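Chemist: Structure incoming, see below.
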Amino acid sequence: MSQDSKVKTTESSPPAQKKARKTLPVLDPSGDYYYWWLNTMVFPVMYNLIIIVCRACFPDLQHGYLVAWFVLDYTSDLLYLLDMVVRFHTGFLDQGILVENKGRIASRYVRTWNFVLDLASLMPTDAAYSRLGPHIPTLRLNRFLRVPRLFEAFDRTETRTAYPNAFRIAKLMIYIFVVIHWNSCLYFALSRYLGFGRDAWVYPDPAQPGFERLRRQYLYSFYFSTLILTTVGDTPLPAREEEYLFMVGDFLLAVMGFATIMGSMSSVIYNMNTADAAFYPDHALVKKYMKLHRVNHRLERRVIDWYQHLQINKKMTNEVAILQHLPERLRAEVAVSVHLSTLSRVQIFQNCESSLLEELVLKLQPQTYSPGEYVCRKGDIGREMYIIREGQLAVVADDGVTQYAVLGAGLYFGEISIINIKGNMSGNRRTANIKSLGYSDLFCLSKEDLKEVLTEYPQAQTIMEEKGREILLKMNKLDVNAEAAEIALQEATESRLRGLDEQLDDLQTKFARLLAELESSALKIAYRIERLEWQTREWPMSEYLAEADDESEPGEETSKDEERRGGQEEPPGLP
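Using this note's numbering, read the sequence shown as starting at 3 and increasing by one per residue.
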């Protein structure tokens, strides 16, 4: 190859790379770009659904804005065409992996009904304008075939929005509006076919003042259609067969619409009640229980106020049940994003492994306390520690009035009681009375949950015990002598256990040797017995045994001979 050709090849490669970079990327069907494109396609589809029928039934609307309709029509056609391009660049999942090969994507798309419908919706049927004239918008009815794209956009929005029930109601209202709109257009077209003003049922004669305006025509038809489809009544009686058929069809449509609306609203209400029941505890059962057992009114009022506080402030006490259907790792990530900052404030958990904190986050139980309610009392057995998320708690005297200190958000207490620290003079007993001043939200971590997690992290357990020891030293709650005695006792116990383990190992070794010797002896004895048996078979039979055989019964000898002969003969029928 010449030097010039090499130079040309080198020079032509950068444009090829640039051209490769300009290719359209493959969209993820669950990604944001694809979602926003679906929302964009809502506008052309809704435009064709609403405007084409309206232009076909209201001639003044078609004639008065012809240029605007041409611009909007071909803009929607352009979006339809771009939508097909997007379809050819939208990946799909195969074995859970997004396929980005455009050849496979195109091959899969052209074999589906979506491709057929998309292609049919772009057929240039409006080319017939050249022969029939530009005032026949019904030639574009094939654009309705792109309606599945509208339904897909609604479904994606419903799964993404933070208010799915409100979106379902809005979607239902859009469907109702489209049905009434179509019906009003058909009513006006039927009135024009039968003759305006011929009877009281059809649209009044446009020659009357005010009824010639386009806005009045549409609003009157929409109002009349709404009265029929809502079965409100107060409509003129039909006078012709066509009018009767139209009314019967509308009544049937109204029955179906009413059933659909009632079913949809019932579903929305049920979903809202189910969501409330999942997020907040059911207070009706508790109220019924208190009435059956005749709980005093003051205590009943406190319980009701507690439930009311949860409902008004949207507070949850069963986060574990709400997240239980998520995969374990995803549930851990959600819990970490919500509660890890709170847990990391606790002094004894600082500098611990992140995996340990992630496991502890899943164990946190949210609790809400009412004003004046005691979280713990002095002398109680400490089975859990508390982290204050919101609110204020007071350290009070035994009288419940005198306050020694006030604890706010981010502080914690009770952590020493859930860690077994040697020399702790208070043991696992509470050393103070903690009372909630207002409504307080706490996180509770039980001793059992902490112990379960620390079994997998012995190094973290040692670090936490050391930090707890430092805290007790600052509080003068650590008995050093008792700690040394417990450590000595523990070391002695461990030494004895090690001695017992060694003795047990020696006993197991001796026992194994005894078993091996026993098996060897048993084998030797079995071999000697077998050898003796073979030797006794070679000994000559004594005269006494021979006479005993001769004196045996003749019948027995005969039967033995027959058995011997029968065993030698072959059974009949065998070759």
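Ideal Cβ positions, reconstructed from N, Cα and C, are used throughout, including at glycine. Predicted model, so just to flag it, every value in this text is computed and none were measured.
(1) Fully enclosed by the stretch 170–217, which alpha helix (DSSP H) runs are 4 residues long or longer?
(2) Could you check whether SER419 and ASN430 sit closer than 7 Å to each other, using their CB atoms as the reference points?
(3) By the DSSP assignment, the beta strand (DSSP E) with PHE94 in it spans what residues?
(4) First and last residue of the beta strand (DSSP E) that includes SER438?
(5) Just the C-alpha distance for GLN510 and GLY501, rounded to the nearest angstrom, thanks.
(6) What's the C-alpha gap between GLN505 and LYS512?
(7) Classify ARG113 as helix, strand or coil using the three-state DSSP reduction.
(8) For PRO368, list the residues DSSP reports as bridge partners.
(9) Quick one, are the C-beta atoms of CYS59 and ALA191 less than 7 Å apart?
(10) Are the beta-carbon atoms of LYS380 and ARG347 separated by less than 7 Å?
(11) From the DSSP output, read off the bridge partner residues of MET387.
(12) Drop a sphere of 10 angstroms on the beta-carbon of LEU456, count the other beta-carbons inside from all chains shown, and report buried for 16 or more, exposed for fewer.
(13) Note down the Cα distance separating LEU40 from GLY66, rounded to an integer number of angstroms.
(14) Can you find the residues in the same chain that come closer than 6 Å, C-beta to C-beta, to GLY374, ignoring five residues on each side of it along the sequence?
(15) Taking only the alpha-carbon atoms, compute the straight-line gap between HIS327 and LEU229 and give it to the nearest angstrom.
(16) Whole angstroms is fine: what's the gap from GLY197's alpha carbon to THR140's?
(17) Quick check on this structure: which residue in GLY259, ARG471, ALA399, SER123 has the alpha carbon closest to the alpha carbon of LEU143?
(18) Please name the residue in LEU174, GLU244, MET249 whose C-alpha comes closest to that of GLY259.
(19) Can you look up ALA518 in the DSSP assignment and give me helix, strand or coil?
(20) Suppose contacts are defined by Cβ-Cβ distances below 7 Å. Is VAL181 in contact with SER193 by that definition?
(21) Rounded to the nearest angstrom, what separates ILE99 and GLU361 at their Cα positions?
(22) Rounded to the nearest angstrom, what separates ASP34 and ARG158 at their Cα positions?
(23) In the structure shown, what three-state DSSP assignment does ALA164 receive?
(24) Between GLU178 and the rest of its own chain, which residues show a CB-CB distance below 8 Å, the 5 nearest in sequence each way excluded?
(25) Would you mind reading off the limits of the beta strand (DSSP E) that contains CYS378?
(26) Taking the C-alpha atoms as reference points, what is the distance between ALA524 and GLU496?
(27) Name the DSSP beta bridge partners of VAL397, please?
(28) Tell me which residue opens and which closes the alpha helix (DSSP H) that VAL297 is part of.
(29) Kindly indicate the opening and closing residues of the alpha helix (DSSP H) around VAL44.
(30) Is the beta carbon of GLY412 closer than 7 Å to that of GLY384?
(31) Name the DSSP beta bridge partners of ILE99, please?
(32) Express the C-alpha separation of ALA528 and THR538 in angstroms, rounding to a whole number.
(33) Have a look at ARG106 and LEU74 and give me their C-alpha separation to the nearest angstrom.
(34) Quick check for students: name the residue ranges of the alpha helix (DSSP H) that lie wholly in the stretch 223–291, counting only runs of 4 or more.
(35) Going by DSSP in three states, LEU26 sits in which element: helix, strand or coil?
(36) Only counting the same chain, and skipping five residues up and downstream in sequence, which positions put a Cβ closer than 6 Å to that of GLU302?
Modeler: In this structure, then:
(1) DSSP runs (the alpha helix (DSSP H)) wholly in the stretch 170–217: none.
(2) yes
(3) Taken as a continuous stretch (DSSP letters only), the beta strand (DSSP E) holding PHE94 covers 94–96.
(4) Where SER438 is concerned, the enclosing beta strand (DSSP E) starts and stops at 435–438.
(5) 14 Å
(6) Each residue's CA atom was taken as its position, placing GLN505 and LYS512 some 11 Å apart.
(7) coil
(8) PHE445
(9) yes
(10) no
(11) LEU447
(12) buried
(13) Within the model, the alpha-carbon separation for LEU40 versus GLY66 is close to 32 Å.
(14) Within the same chain, GLY374 has no close Cβ partners at all.
(15) In a straight line, the C-alpha of HIS327 is about 47 Å away from that of LEU229.
(16) 22 Å
(17) Answer by Cα proximity: SER123.
(18) LEU174
(19) Helix, per DSSP.
(20) no
(21) 30 Å
(22) 11 Å
(23) coil
(24) The sequence shown places Ile at residue 178, rather than the Glu named in the question. Same-chain partners within the cutoff: GLY259, ILE263.
(25) For CYS378, the uninterrupted beta strand (DSSP E) run begins and ends at 376–378, by DSSP.
(26) 41 Å
(27) ALA407, ILE436
(28) From DSSP, VAL297 is part of no alpha helix (DSSP H); its letter is neither H nor E.
(29) 34–59
(30) no
(31) DSSP, once it has assigned bridges, lists ASP96 as partnering ILE99.
(32) In a straight line, the C-alpha of THR538 is about 16 Å away from that of ALA528.
(33) 34 Å
(34) 243–281
(35) Residue state, collapsed to three classes: coil.
(36) Cβ neighbours of GLU302 beyond the five flanking positions: MET292.
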